[in-house]
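Below you can see the structure in the form of structure tokens.
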């Protein structure tokens, strides 16, 4: 089985789907690994690092020729995959709800699209979950970037000239990214609080030493579907908005992380709420690629409203390319190697995970989740 990896062509994408570490592991399984020249440069991986572990490096067409598996971070345009075998696996991020036309094109091209976003959140798939690994880094980077923009000290600092009070950081949405944001801000010495609509996250917030800010009643007991929050009632939203408005006015930095799969990011902070914040405060909106949690947020731009800086990246993990690539590549290896059939020399997916991630097969869109969405 030949595995091909191409240079990422999406704007701003610095990650690569295969590292020398995982290339070596795939070769040990019996696979041939071919890399497009320069694929790892933006992630600080040289072509020589791949050849040193036994992979071949060359032009895209050469890498793709007769490939049975193509690995990517962002799913490539299927029109660029000529030369790969008919029915070849393509494992990558497909953004299937928003990029349905691309999914249809994969079906038409006879390729088997495997959407890593659709990896089920079950115990045995944890090591395959690219959304979790990348969100972890996003939560960390959001705090670091916001701290840099804030331009003041994070921890309490006592000097002969007086005391510098710690920064107040409020994290909205306590999934993987939110938990890492809390932990990072705490490590940096900030006074941290956090909120979520899921009642079960209270214990997680407090276990990290942060203050839990919750509406008294009406939250989701336990976890939402797949570990994500669900859409809340209008009454709950009103109570949440009132609570946030009272709390946000006292904060120096706010990190928003809330996402609902298959839907635009929920609006958490309005312009009126921004106006209550102190001049010089910073909001980092991790959800800005999905429409944003914050009114006025624009991906990759610093927006100033009422003296408050609003920021967010179109691709936050890409700002930590070496580590993001290493984790993404391990997720892909853990996924494919778990189903590797030594006799057939290729992965044979099972129903539970295979059916969850498979978007196309045999010229058809077969994902029940995608078809149900219309």
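Residue numbers (our numbering): 56 to 429.
All residues carry an ideal CB built from backbone N, CA and C; glycine is no exception.
Since this is a predicted model, take the numbers as computed values, not measurements.
Going by C-alpha distance, which of 67, 391, 158 is nearest residue 182?
Taking residue 182 as reference, the option from 67, 391, 158 with the minimal CA-CA separation is 391.
Taking only the alpha-carbon atoms, compute the straight-line gap between residue 410 and residue 314 and give it to the nearest angstrom.
If you take the alpha carbons of residue 410 and residue 314, they lie about 23 Å apart.
Counterpart residues of residue 121 in DSSP-defined beta bridges
None, per the DSSP bridge assignment.
The ligand MG and residue 223: does the residue's C-beta get closer than 8 Å to at least one heavy atom of that ligand?
The ligand MG is absent from the structure shown, which contains no ligands of any kind.
Does the Cβ-Cβ distance between residue 121 and residue 57 come in under 9 Å?
Yes. Within cutoff.
Check each candidate in 240, 140, 138, 175 and name the one with the smallest Cα separation from residue 406.
In terms of Cα proximity to residue 406, the closest of 240, 140, 138, 175 is 175.
Which whole-angstrom value describes the C-beta separation of residue 167 and residue 144, a residue pair presumed to lie in contact below a C-beta threshold of 8 Å?
5 Å between Cβ atoms; contact.
So, using beta-carbon positions, are residue 303 and residue 225 closer together than 9 Å?
Taking 9 Å as the cut-off, the Cβ atoms of residue 303 and residue 225 count as close.
Beta-carbon contacts of residue 114 that lie in its chain and below 8 Å, excluding the five residues immediately before and after
Cβ-Cβ distances below 8 Å link residue 114 to 91, 92 in the same chain, with the five nearest sequence neighbours on each side left out; the list follows chain order.
Measure the C-alpha to C-alpha separation of residue 328 and residue 300 and round it to an integer number of angstroms.
Distance between the alpha carbons of residue 328 and residue 300 is about 6 Å.
Could you spell out where the alpha helix (DSSP H) holding residue 296 opens and where it closes?
Following the DSSP letters along the chain, one finds residue 296 inside the alpha helix (DSSP H) bounded by residues 289-303.
Mind reading off the beta-carbon distance from residue 366 to residue 116? Whole number of angstroms is fine, and I expect it under 8 Å.
The distance from the Cβ of residue 366 to that of residue 116 is about 40 Å, inconsistent with a contact at the 8 Å cut-off.
In terms of alpha-carbon separation, which member of 72, 158, 218, 259 lies closest to residue 231?
With respect to the C-alpha of residue 231, the residue from 72, 158, 218, 259 having the closest C-alpha is 259.
Does residue 136 come out as helix, strand or coil in the three-state DSSP assignment?
In the displayed model, residue 136 falls within coil according to three-state DSSP, outside both helix and strand.
With the cut-off set at 9 Å, would you say residue 190 and residue 235 are in Cβ contact?
The criterion of a C-beta distance shorter than 9 Å is satisfied by residue 190 and residue 235.
Could you tell me if residue 177 is buried or exposed, where buried requires 16 or more neighbouring beta carbons within 10 angstroms of its beta carbon?
Its Cβ having fewer than 16 others within 10 Å, residue 177 is exposed.
Taking all protein chains shown into account, decide if residue 330 is buried (16 or more other Cβ within 10 angstroms of its Cβ) or exposed.
By the 10 Å Cβ count, residue 330 comes out exposed.
Identify every residue that forms a DSSP beta bridge with residue 402.
In the DSSP output, where bridge partners are listed per residue, residue 402 has 395.
May I have the straight-line CA-CA distance separating residue 414 from residue 358, to the nearest angstrom?
The alpha-carbon of residue 414 is positioned some 37 Å away from that of residue 358.
3 or more residues per run - each beta strand (DSSP E) lying fully within the stretch 145-218
Within the stretch 145-218, the complete beta strand (DSSP E) segments at least 3 residues long are 167-170, 212-214, listed from N- to C-terminus.
With H, G and I counted as helix, E and B as strand and the rest as coil, what does DSSP make of residue 409?
The DSSP-derived three-state label of residue 409 is helix.
From residue 401 to residue 395, what distance separates their C-alpha atoms?
Roughly 5 Å between the two C-alpha positions.
Within the continuous alpha helix (DSSP H) that includes residue 308, where are the two ends?
Judged by DSSP secondary structure, residue 308 falls outside any alpha helix (DSSP H) and instead within the beta strand (DSSP E) spanning 308-311.
Take every Cβ of the stretch 333-347, pair it with every Cβ of the stretch 307-321, and state whether three or more of those distances are shorter than 8 Å.
With a cut-off of 8 Å, the stretch 307-321 and the stretch 333-347 count as touching, because enough Cβ pairs lie within range.
I'd like the span of the alpha helix (DSSP H) that includes residue 102, first residue to last.
Start and end: 102-106.
Could you pull the start and end residues of the beta strand (DSSP E) that residue 113 belongs to?
Counting along the chain, the beta strand (DSSP E) containing residue 113 begins and ends at 111-113.
Rounded to a whole number of angstroms, what is the C-alpha to C-alpha distance between residue 146 and residue 209?
Spanning the two alpha carbons is a distance of roughly 40 Å.
With a CB to CB cut of under 7 Å and the five nearest residues on each side skipped, what residues in its chain are close to residue 74?
Here the set comprises 100, 380, 381, 384.
Continuous alpha helix (DSSP H) stretch holding residue 57: start and end:
No alpha helix (DSSP H) contains residue 57, which is instead part of the beta strand (DSSP E) from 57-60.
Could you check if residue 319 is buried or exposed, using at least 16 other CB atoms within 10 Å of its CB as the buried criterion?
Of the other Cβ atoms in all chains shown, fewer than 16 fall within 10 Å of the Cβ of residue 319; this residue is therefore exposed.
Quick check on the burial criterion: 16 or more other C-beta atoms within 10 angstroms. Buried or exposed for residue 397?
Classification for residue 397: exposed.
Opposing strand residues paired with residue 436 [DSSP bridges]:
In the structure displayed, the chain extends from 56 to 429; residue 436 sits before or after that span and is not available.
Need the endpoints of the beta strand (DSSP E) that residue 438 sits in, please.
The shown model of the chain, from 56 to 429, leaves out residue 438, and the question about it has no answer.
Straight-line gap, residue 342 to residue 419 (C-alpha atoms, nearest Å)
Rounded to whole angstroms, residue 342 to residue 419 spans 31 Å at the Cα level.
Quick one: Cα of residue 173 to Cα of residue 218, how far?
Using only the alpha carbons, I get a separation of about 49 Å.
Can you find the residues in the same chain that come closer than 6 Å, C-beta to C-beta, to residue 268, ignoring five residues on each side of it along the sequence?
Excluding positions up to five away in sequence, the list reads 248, 250, 302.
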